[in-house]
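Just so you know, the protein sequences line up as chains A and B, in that order.
Numbering of the first sequence is given in this note's numbering, commencing with residue 22 and proceeding in unit increments.
Numbering of the second sequence is given in this note's numbering, commencing with residue 22 and proceeding in unit increments.
Ideal Cβ placement from N, Cα and C applies to all residues, glycine included.
First the structure, in the form of C-alpha cells, and then the observations on it.
Number of protein chains: 2
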Amino acid sequence: MQESFTVVGGGPVGTLLAILLARHGYKVGLYEGRPDSRRTSIYQGKSINIALSDRGWASLEKIGVGAEVRKQAIPMTHRAVHGSDGSLTAIPYGGDGDAIWSVSRGGINEHLLDIADREDSIRTCFEHRLVDLDFETATATFAVAGADQRIVQSDYLFGADGAHSKVRRLAHRLPRFSYSQTYMPQCYIELNIPANSDGTHQLEKNALHIWPRKDFMLIALPNPDGSFTCTLFMNFAGEPSFESLTERSDVEKFFAQHFADALDYLERPVDVFLEKTAAPLFLVQVFPWSFNCKVGLIGDAAHAIVPFYGQGMNCGFEDCAELDRLITKYDHDWQQIFPAYENIRKPNGDAIAELSKRNFVEMSDLSGDSNFQLRKKIEARFSQLHPELWTPLYSMVTFSPDIPYAEALRIGDLQNEVMDRIMQLPNIEKDWDTPDVMQELHALATKKLGDQP
Amino acid sequence: MQESFTVVGGGPVGTLLAILLARHGYKVGLYEGRPDSRRTSIYQGKSINIALSDRGWASLEKIGVGAEVRKQAIPMTHRAVHGSDGSLTAIPYGGDGDAIWSVSRGGINEHLLDIADREDSIRTCFEHRLVDLDFETATATFAVAGADQRIVQSDYLFGADGAHSKVRRLAHRLPRFSYSQTYMPQCYIELNIPANSDGTHQLEKNALHIWPRKDFMLIALPNPDGSFTCTLFMNFAGEPSFESLTERSDVEKFFAQHFADALDYLERPVDVFLEKTAAPLFLVQVFPWSFNCKVGLIGDAAHAIVPFYGQGMNCGFEDCAELDRLITKYDHDWQQIFPAYENIRKPNGDAIAELSKRNFVEMSDLSGDSNFQLRKKIEARFSQLHPELWTPLYSMVTFSPDIPYAEALRIGDLQNEVMDRIMQLPNIEKDWDTPDVMQELHALATKKLGDQP
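Following this line, the structure appears as C-alpha cells:
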C-alpha cells in the first residue's frame with residue numbers, strides 16, 4: 022500500500038520535500054496557510070531575496086531541479102565593499118568560478134510549486150492553516166479559509182512551516198521537548214534600490230554590496246528586474262539604533278553620514294526607515310526533531326538561524342537531500358529514517374546557527390582597520406599555496422557541500438587557533454607574505470590540521 | 022509615598038524577597054497559588070529537602086534570619102560513598118568546619134512565612150493563582166479559590182514563582198524575549214528511608230549518602246525526623262533507564278544488583294519505582310530578567326537549574342541579597358536597580374546552570390576507577406599546600422560566597438587546563454604526591470592562575 026505524508030508549509034523547503042517524497046512513491050498532501058501567490062500575484066512570504074550556494078544547488082540537483090531553478094538566479098562572485106570614504110573594494114567570495122546566487126524567494130517558491138503541480142501524487146492545498154496536531158497518529162486539523170475545519174489523516178507528517186512553525190509550537194506540550202529561542206541585538210528593515218529606466222542595475226549586478234559600518238551595515242542583493250533588495254542591520258537599542266533614531270532630522274543625518282554614496286540610489290530611505298517597524302532576528306534550536314517516528318521538523322521549523330551566512334535555505338534544502346539519501350538507505354523504514362535524520366542533521370543545524378551568529382562581525386567589519394583583515398589576507402594567501410591543507414572557513418561553508426557544517430565549524434576553530442599564533446609573530450603586519458611566515462604557518466597547520474580533510 | 026510591590030510566589034525565594042523589600046520600607050503583597058501549608062499541614066511544594074550552603078546562609082544572614090533558620094538544618098560534612106561492592110568511603114566536602122546543610126524545603130518555607138507574618142507591611146494571600154499580567158503597569162490578575170478574580174495594582178512586581186513560572190510564561194508574548202528550556206537525559210524519582218523506631222537515623226546522619234553508579238545514582242539526604250529523602254537519578258531512555266525498567270522482576274534485579282546495601286533501609290523501593298512516574302530535569306535560561314523597569318524575575322523563575330550542585334535555593338537567595346545591596350546602592354531608584362540586577366545576576370545564573378549540568382558526572386562517577394579520582398586527589402593535596410593559589414572548584418562554588426559563580430566557573434576552567442597537563446606527566450599514578458609533581462603543578466598554576474583570587 023502506498024504510504025502517505027502530510028507536509029505542513031508550502032515554502033521552498035516544504036515544496037522541495039513534497040517533490041522528493043512523491044518521487045520516492047509516497048502520496049503527499051502539501052498544506053500552506055497563505056493563498057497561492059501564483060494566483061493572487063501578491064507574494065506574502067518573508068524577505069524578498071536570498072543567497073543560494075553550492076549546498077543548495079547540490080540538494081536541488083539531487084531532485085533534478087537545479088538547472089531549471091538556476092535560470093532565474095544571479096551569480097554574485099564577490100562582495101562589493103562600500104567604504105565610509107566612498108571607496109569601493111571587491112573581495113572575491115572564493116576562487117575562480119565560485120559564486121553565491123541571489124534568488125527571489127517568491128520566484129524559487131513558485132518554481133518549485135510548478136514542479137510539484139506536475140507530480141501526480143502531490144495534492145497542494147492553499148489557505149489551510151494548521152490549528153492542531155496529534156503527534157501519536159500524525160492527524161492534523163486545518164482551519165480552511167471560508168470553510169469548515171478539515172481533519173487530515175496520513176501515515177507521517179513533516180512540519181516545514183518556517184521560523185514561527187506551528188508544528189513546533191504544538192510540540193511544546195510534549196514531554197522532554199528542549200527549546201531555545203534567542204534574539205540577536207540586531208534588527209533589520211528592508212530598503213529598495215530601483216532599476217534604471219531601461220531595466221538595468223544601478224550598481225554592479227554580479228556582486229553582493231555591503232556598506233560595513235562595524236556595529237551596523239547595509240547590504241544589497243540584485244534582483245532579475247534590475248532592482249536591488251537592501252537590508253539595513255542595526256542594533257535594536259543603544260547608539261545608533263532603531264530605538265534611538267526616531268526624529269527625521271537624526272535619520273537624515275545618519276544616512277548622510279554613513280551611507281552617503283548609497284543615497285544616490287536608495288528609494289526614499291528616510292521615509293521608509295521612519296515608516297517601517299524594525300524586524301527582530303532570532304535563532305530557534307530544538308530537540309528532538311521527530312516525534313514517535315510519525316512527525317518530523319525540517320528547515321527553519323527545526324533550526325531558524327540568522328541570515329549573516331546566507332545559509333538558511335541552503336541548510337533547509339540539505340535537510341531534504343539527507344532525507345532523500347536516508348529513504349534509500351533504510352528502504353522506506355521510517356522507524357530508522359527519523360532517528361537517523363535528526364541525529365545527522367541536528368549537529369549541522371547547530372553548527373550553521375553558531376557560524377551565522379559569528380558572521381555578523383565578519384560582514385560588518387569588512388572594511389575595519391583591525392587585525393581581522395590581515396588574518397583573512399594571510400589565510401587566503403596560504404590557502405592558494407596549500408589548498409590541500411587549508412580551505413578558508415567561508416569556502417568550506419559555502420562552496421564545499423561535502424564538508425558538513427559541523428565539520429567546517431570544527432576545522433574553522435582549529436584554523437583560528439593556528440592564526441592566533443601566527444598573528445602574535447613580531448612584525449606580522451610587515452612580514453605576513455614572507456616565506457618565513459608561510460613556513461611557520463605550514464608547520465603549525467600541519468600539526469593542527471594534518472589529519473583533516 | 023510608600024511604593025508597593027507584588028511578589029508572585031510564596032516559596033522560599035519569594036518570601037525572603039518580600040521580607041527584604043518590607044525591611045527597605047516597601048508595602049508588599051505576597052501571592053501564592055497553593056493553600057497555606059501551615060494550616061492544611063499538607064506541604065504541596067516540590068522536592069522535599071534541599072542542600073543549603075554558604076551562599077544561602079550569607080544571604081539569609083543579610084536579612085538577619087540565618088541563625089533562626091539554621092536551627093532546623095542538618096550539617097553534612099562529607100559524602101558517604103556506597104560502592105557497588107558494599108564499601109563505604111567518606112569524602113569530605115571541604116576543610117574543617119565546612120559543611121552543606123540538609124533543610125526541609127517545606128520547613129524553611131514555613132519558617133520564612135512566619136517571619137513575613139511578623140512584618141506589618143507584608144500582606145500574604147494564599148490560593149491566589151496568577152492568570153494575567155500587564156508588563157507595562159505591573160497590574161496582576163489572580164484567580165482566587167472560591168471567589169472572583171482579583172486585580173492587583175502595585176508599583177512593581179517580581180515573579181518568584183519557580184521553574185514553571187507563570188510570570189515568565191506570560192513574558193513570552195513580549196518582543197525580544199530570549200528563552201531556552203533544556204531537558205537533561207536523566208529523570209528522577211524520590212524514595213524514602215524511614216527513621217528507626219526511636220527516631221534516630223538508620224544511616225550516618227551528618228553525611229550526604231551517594232550510591233554512584235556512573236550512568237545513574239541514588240542519593241540520600243537526612244531529615245530532622247530521622248528519615249532520609251532519597252532520589253534515584255537515571256536516564257529516561259537507554260539501558261538501564263526508567264523507560265526500559267517496567268517489569269517487576271527487572272526492577273527487583275536492578276535494585277539487588279546495584280543497590281544491595283540500600284535495600285536493607287529503603288521503604289518498598291520496587292513498589293514505589295513501579296508506581297511513580299519519573300520526573301524530568303530541565304534547565305530554563307531567559308533574558309531579560311526585567312521588563313520596563315516594572316517587572317522582574319527572580320530565583321528559579323529566572324534560572325531553573327538541575328540539582329546536581331545543590332545550589333538552586335542558594336542561587337535564588339543570592340539574587341535576593343544582590344537586590345538588597347542594589348536598593349541601598351541606588352537609593353531605591355528602580356530605573357537603575359532592575360538593569361543592574363539582571364546584568365550582575367544573569368552571568369552568575371548561567372554559570373551555576375553550566376556547573377550544575379557538569380556536576381552529574383562528578384557525583385555519579387565518585388567511585389569510578391577513572392583518572393577522575395586521581396585528579397581530585399592531586400587537587401586536594403595541592404590546595405592544602407597552597408591554599409592561596411588553589412581553591413578547588415567545589416569549594417569556590419559551595420563555601421566561597423565572595424567568589425561569584427561566573428568567576429568560579431572561569432577559574433575552574435583554568436584549573437582544568439592545568440590539571441590536563443599534570444595528568445599527562447609520565448607515571449602520574451605513582452608519583453602524584455611527590456615534590457616534583459607538586460612543584461610542576463605550582464609552576465603551571467602560578468602561570469595560569471597567578472593573578473587570580
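Subject >> Proximal residues to S377/A (C-beta, below 6 Å), its chain only, five neighbours per side dropped >> reply: I326, V327, F329 and Y330
**OP:** Using a Cβ cut-off of 9 Å, pull out every chain B residue sitting near Y204/A, in sequence order please.
**Re:** Correct list: P196, R197, F198, S199 and F308.
**OP:** Report the residue from S80/A, S74/A, A159/A and A322/A whose alpha carbon sits nearest the alpha carbon of A497/A.
**Re:** Look at the range of chain A in this structure, 22 to 474, and you will see that residue 497/A is not part of it.
**OP:** Determine the direct distance from the alpha carbon of G118/A to that of I84/A, and round the result to whole angstroms.
**Re:** 23 Å
Original post:
Roughly how many whole angstroms lie between the Cα atoms of A283/A and A323/B?
Top reply: 44 Å
Original post:
Helix, strand or coil for H132/A per DSSP?
Top reply: helix
**OP:** Look at the alpha carbon of V49/A and the alpha carbon of R91/A, and state the distance between them as a whole number of angstroms.
**Re:** Separation of V49/A and R91/A (C-alpha to C-alpha, rounded to the nearest whole angstrom) is 25 Å.
Original post:
Which residues in chain A sit within 7 Å of F257/B, going by Cβ to Cβ distance?
Top reply: Within 7 Å Cβ-Cβ: R197.
Original post:
Does the distance from the C-beta atom of P422/A to that of R76/A stay below 7 Å?
Top reply: yes
Subject >> Best match in G180/B, V418/B and G370/B for proximity to L51/B [C-alpha to C-alpha] >> reply: Among G180/B, V418/B and G370/B, the Cα nearest to that of L51/B belongs to G180/B.
Original post:
Would G317/A pass as a contact of S311/A if the rule is Cβ separation under 7 Å?
Top reply: yes
**OP:** Mark K468/B as exposed unless 16 or more other C-beta atoms lie within 10 angstroms of its C-beta, in which case mark it buried.
**Re:** It counts as exposed.
Subject >> Span of the beta strand (DSSP E), counted from its first residue to its last, around Y200/B >> reply: S199 to I214
Subject >> T349/B - DSSP class collapsed to helix/strand/coil >> reply: helix
Subject >> Residues bridged to A161/B (per DSSP) >> reply: L154/B and V173/B
Original post:
Are S273/A and V291/A close, meaning C-beta to C-beta below 7 Å?
Top reply: Here residue 273/A is Glu; the residue named in the question, Ser, does not match the sequence. In this structure, V291/A lies closer than 7 Å to E273/A by Cβ.
**OP:** May I have the straight-line CA-CA distance separating C251/B from N70/B, to the nearest angstrom?
**Re:** So the two alpha carbons sit approximately 9 Å from each other.
Original post:
Is the CB of P475/B under 7 Å away from at least one CB in chain A?
Top reply: Because chain B in this structure spans residues 22 to 474, residue 475/B falls outside the shown range and cannot be described.
Subject >> Supposed contact pair L229/A and I240/A - C-beta distance, whole angstroms, cut 8 Å >> reply: 6 Å
Subject >> Three-pair Cβ contact test at 8 Å for the segment 338–352 of chain A versus the segment 363–383 of chain A >> reply: yes
**OP:** Report all residues from its chain with a CB closer than 8 Å to the CB of L178/B; omit the five preceding and five following residues, and keep chain order.
**Re:** F26, T27, V28, V29, L154, A159, A161, V188, K315, V316 and G317
Original post:
For E211/B, which residues of its own chain have a beta-carbon under 6 Å away from its beta-carbon, when the five flanking residues on both sides are left out?
Top reply: T252
Subject >> Assigned secondary structure, Y52/A (DSSP; H/G/I helix, E/B strand, else coil) >> reply: If DSSP states are grouped into helix, strand and coil, Y52/A belongs with the strands.
Original post:
Since S175/B and V307/B are thought to touch, with beta carbons under 8 Å apart, how far apart are those beta carbons, to the nearest angstrom?
Top reply: About 22 Å; that fails the 8 Å criterion.
Subject >> Boundaries of the alpha helix (DSSP H) in which T412/B is found, first to last residue >> reply: Taken as a continuous stretch (DSSP letters only), T412/B belongs to no alpha helix (DSSP H), as it is neither H nor E.
Original post:
At which residue ranges does the segment 283–335 of chain A contain complete beta strand (DSSP E) runs of 3 or more residues, listed in the order of the chain?
Top reply: 300–308 and 316–318
**OP:** Inspect the beta-carbon positions of S385/B and K235/B and report whether they are closer than 7 Å.
**Re:** yes
Subject >> Chain-order list of residues whose beta-carbon lies under 7 Å from that of E131/A (same chain, five-residue window excluded) >> reply: S58 and R59
**OP:** Using three-state DSSP, classify N364/B as helix, strand or coil.
**Re:** Helix.
**OP:** Out of H45/B, I449/B and I40/B, point me to the one whose CA is closest to L134/B's CA.
**Re:** I40/B
Subject >> CB contact check: K67/B to chain A, cutoff 7 Å >> reply: Only weak support is given to the placement of K67/B: the predicted model assigns it a pLDDT of 42, under 50, and the value that follows is read from those uncertain coordinates. Chain A contact via Cβ: absent.
Original post:
Can you name the start and end residues of the beta strand (DSSP E) that L253/A belongs to?
Top reply: Residues F249 to N256.
Subject >> Nearest-angstrom beta carbon gap, F257/B and G216/B [assumed within contact, 8 Å] >> reply: The amino acid at residue 216/B is misidentified as Gly; the sequence shows Ala. At roughly 32 Å, the Cβ-Cβ gap does not stay under 8 Å, so A216/B and F257/B are not in contact.
Subject >> Cβ-based burial, V527/A [other Cβ within 10 Å; buried from 16] >> reply: Missing from the structure shown is residue 527/A; chain A here goes from 22 to 474 and no further.
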